[in-house]
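Notes to accompany the following structure.
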Amino acid sequence: MDIELHFLELPKLDDHAVPVENGGLVNWLLFLKGADKSNWEVLKMNEPVLKKAMDTLEFLSQDTEARRLYEDRQKYLHDEASMIEGALAEGEARGEALGKRKKAVEMVKELLALGVEISIIVRASGLSESEILALKNK
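Okay, so the sequence shown: first residue is 1 according to the working numbering, each after it adds one.
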């Protein structure tokens, strides 16, 4: 596996060396460097994602209350995503357990039909003797 490292020296980036209309990495570098705000409108027109970053930066730099609200919203979104992820994991675990139980019950029914001793079925299935007897009596 080959690794490539690229060093981008922002102080050496000339604001007028590359046309802003070319887009791409240069626009992001100009933004990160702190390009003159007069160029922001041109940058925004060419890069929708960069426009969102600029708008967010502008919004957050307005006042502390706006920043607090933004951070609260981001925390809420993060917490919600974590809850959904946890619920999905819990659902998967329940589904797996239910599937294993169903498989064990099917196996017990087949072994009972073959006339296998209940003590052997208990060891093979992991179900209790009372559960097996209940299935046998159904």
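Positions of the beta carbon are idealized from the N, C-alpha and C atoms, including for glycine.
Since the structure is predicted, the reported quantities are computational estimates derived from the model, not experimental observations.
Span separating the alpha-carbon of residue i from that of residue j
i, j, result
"G99", "W28", "50 Å"
"E90", "E96", "10 Å"
"V102", "K75", "The amino acid occupying residue 102 in the given sequence is Lys; Val does not appear at that position. K102 and K75: Cα-Cα distance of roughly 40 Å."
"L5", "P48", "27 Å"
"I120", "E92", "30 Å"
"D55", "I3", "34 Å"
"I118", "A87", "38 Å"
"N137", "S130", "11 Å"
"W40", "L8", "21 Å"
"V116", "R94", "30 Å"
"E71", "E80", "14 Å"
"R68", "Q62", "11 Å"
"R73", "G24", "29 Å"
"T143", "M1", "Past the edges of the chain, shown from 1 to 138, lies residue 143, and the structure says nothing about it."
For residue i, three-class secondary structure by DSSP
i, result
"E85", "helix"
"S128", "coil"
"H78", "helix"
"I3", "coil"
"V122", "helix"
"K138", "coil"
"L13", "coil"
"G91", "helix"
"V108", "helix"
"V143", "The structure shown does not extend to residue 143, since the chain spans only 1 to 138, so no value can be given for it."
"L25", "helix"
Beta-carbon gap between residue i and residue j smaller than 8 Å
i, j, result
"I132", "V108", "yes"
"L13", "K44", "no"
"A53", "L60", "no"
"L139", "F31", "Any answer about residue 139 is impossible in this case: the structure gives the chain only from 1 up to 138."
Rounded Cβ spacing between residue i and residue j (contact assumed at less than 8 Å)
i, j, result
"L127", "A104", "6 Å"
"A124", "L111", "7 Å"
Residue-chain proximity (residue i, chain D), Cβ-Cβ < 8 Å
i, result
"V105", "The chain labelled as chain D is not found in the depicted structure, where only one protein chain is given."
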